[in-house]
Amino acid sequence: MTGGTLRWATEADARAVAIVHVDSWRAAYAGLIPSEVLAALSVEQRAAGWTRWIAASLRGDATDLDAVRPHRLLVAEDGERIVGWAAFGPGRDPDDGHRGELGGLYVHPDHWSTGVGASLIRRAEQELRTAGHSDAYVWVLTGNERAIGFYERQGWRADGASKIADEGSARALVELRHTKPLS
Numbered sequence: 000m001t002g003g004t005l006r007w008a009t010e011a012d013a014r015a016v017a018i019v020h021v022d023s024w025r026a027a028y029a030g031l032i033p034s035e036v037l038a039a040l041s042v043e044q045r046a047a048g049w050t051r052w053i054a055a056s057l058r059g060d061a062t063d064l065d066a067v068r069p070h071r072l073l074v075a076e077d078g079e080r081i082v083g084w085a086a087f088g089p090g091r092d093p094d095d096g097h098r099g100e101l102g103g104l105y106v107h108p109d110h111w112s113t114g115v116g117a118s119l120i121r122r123a124e125q126e127l128r129t130a131g132h133s134d135a136y137v138w139v140l141t142g143n144e145r146a147i148g149f150y151e152r153q154g155w156r157a158d159g160a161s162k163i164a165d166e167g168s169a170r171a172l173v174e175l176r177h178t179k180p181l182s
C-alpha cells in the first residue's frame, strides 16, 4: 500500500466504511449473489449499522453487535479517503472463541491489487497474534475466486468446513472456511 495509512475506525468513519462495503460487494459478488440483492444495498442503511457497530466495538460491548464477542475495525486510508477495512477479533462461531477470526476484509474496487488488502490482513494477523490467538479463520463465499486467491497468497488455506450464508437471497449461499496458523 503506497502512501497509505492504517488506523482504528471511529464513528465518524461509518459512512466511508459503508461506501467501501457496498461498492466492494457489488463488484465482488456480481454473479454470486442475486443482482436484486446487490442493487438493494443501501449506503445509508449500512452507515447507520456501522455507526452502531463501531460505537459498540469501541466500548467493548457485544450487546449491540451481531456477534457474541466484539471485533475491532481497522481502516486503510489513501490520503483522506477510506479505501478498505478489516474487522477481526475472537472467533464468533460456536466452539471457536479460542481462535481469531477475520470477520471481514473489504477493499474498494478502485484500490484492488494495490496492496491495501495485504496491508490490512498483515496488520489483522499481527493484532490477533498479539491478542493471544495461535490461529485464525475467515469465511469466504464459494465462487469468489478473487478473494480465495488473495487469501491463499497470504497463506490462508481452506480446511474443508462450510456453512450456509444468509445474505437475503432465496438461494443457498455457501461459505468455505479458510484458516491460518499465526505463530
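Counting from 0, one number per residue, gives the positions in the sequence shown under numbering that gives the first Met the number 0. Just so you know, even glycine gets a beta-carbon here, dropped at the ideal spot from N, CA and C. Remember, predicted model here, so these are calculated numbers, not experimental data.
Taking the continuous alpha helix (DSSP H) assigned at residue i, which residues delimit it?
| i | result |
| --- | --- |
| Thr50 | 42-58 |
| Arg185 | This structure leaves residue 185 out entirely; the chain is present only between 0 and 182. |
| Ser161 | No alpha helix (DSSP H) contains Ser161, which is instead part of the beta strand (DSSP E) from 156-164. |
| Ile120 | 115-129 |
| Ala38 | 34-38 |
Got a sec? Which residues, its chain only, sit under 6 Å from residue i by beta carbon, not counting five neighbours each side?
| i | result |
| --- | --- |
| Ala171 | Ile163 |
| Ala160 | Arg176 |
| Asp94 | none |
| Gly154 | Lys179 |
| Gly90 | Gly96, Arg98, Glu100 |
| Ala66 | Its pLDDT being 47, under 50, Ala66 is placed unreliably by the model, and the measurement read from it follows with that caveat. Arg91. |
Whose CA, out of the options, lies closest to the CA of residue i?
| i | options | result |
| --- | --- | --- |
| Val200 | Gln125, Asp77, Gly99 | Outside the shown range of the chain, which is 0 to 182, sits residue 200, and nothing can be said about it. |
| Trp111 | Arg122, Val82, Thr129, Phe87 | Val82 |
| Val36 | Glu43, Ala47, Trp24 | Trp24 |
| Arg156 | Lys179, Asp134, Thr129 | Lys179 |
| Ala52 | Gly148, Leu72, Gly154, Leu40 | Residue 52 is actually Trp in this sequence, not Ala. Minimum Cα distance to Trp52 is reached at Leu72. |
| Ala17 | Ala47, Gly3, Ala29 | Ala47 |
| Gly3 | Thr113, Glu151, Arg152, Ala130 | Thr113 |
For the beta strand (DSSP E) that contains residue i, what are its first and last residues?
| i | result |
| --- | --- |
| Glu10 | No beta strand (DSSP E) holds Glu10; DSSP gives it neither H nor E. |
| Thr141 | That residue, Thr141, is in no beta strand (DSSP E); it is neither H nor E in DSSP. |
| Arg71 | 71-77 |
| Gly266 | Residue coverage of the chain in this structure runs from 0 to 182, which leaves residue 266 outside it and unanswerable. |
| Leu104 | 99-106 |
| Leu172 | 172-180 |
| Pro89 | 80-89 |
Can you give the beta carbon distance from residue i to residue j, rounded, assuming they're within the 8 Å contact cut?
| i | j | result |
| --- | --- | --- |
| Leu5 | Arg122 | 5 Å |
| Ala54 | Glu124 | Not a contact, Cβ separation roughly 26 Å. |
| Trp84 | Val137 | Rounded, the Cβ-Cβ distance is 14 Å, inconsistent with contact. |
| Asp12 | Val74 | 6 Å |
| Arg14 | Val42 | 7 Å |
Take residue i and list the residues in its own chain whose beta-carbon comes closer than 7 Å to its own, dropping the five residues that flank it on each side.
| i | result |
| --- | --- |
| Ala27 | Asn143, Arg145, Ala146 |
| His70 | Ser56, Ala86, Phe87, Gly88, Gly102 |
| Phe149 | Gly116 |
| Leu181 | Gly99, Glu124, Leu127, Arg128, His132, Ser133, Asp134, Ala135 |
| Arg45 | Ala17, His20, Val21 |
Less than 8 Å between C-beta atoms, sequence neighbours within five positions excluded: which residues of the same chain meet that for residue i?
| i | result |
| --- | --- |
| Val173 | Leu140, Thr141, Ser161, Lys162, Ile163, Ala164 |
| Asp63 | Caution applies to Asp63, whose pLDDT of 48 falls short of 50 and renders its modelled position unreliable; the value that the coordinates give is listed next. Excluding residues within five positions, the ones whose Cβ falls inside 8 Å are Arg51, Trp52, Ala54, Ala55. |
| Asp158 | Tyr136, Arg176, His177, Thr178 |
| Trp7 | Arg71, Leu72, Leu73, Val74 |
| Trp108 | Residue identity check: residue 108 is Pro in the sequence provided, not Trp. For Pro108, where only same-chain residues beyond five positions count, the Cβ hits under 8 Å are Asp22, Ser23, Ala26, Ala27. |
Residue i CB to nearest chain C CB: under 8 Å?
| i | result |
| --- | --- |
| Ile32 | Given the protein chain composition of this structure (a single chain), no chain C is represented. |
Examine the Cβ distances between the segment 29-44 and the segment 117-125 and report whether three or more of them are shorter than 8 Å. The segment 29-44 makes no contact with the segment 117-125, as fewer than three CB pairs between them are under 8 Å.
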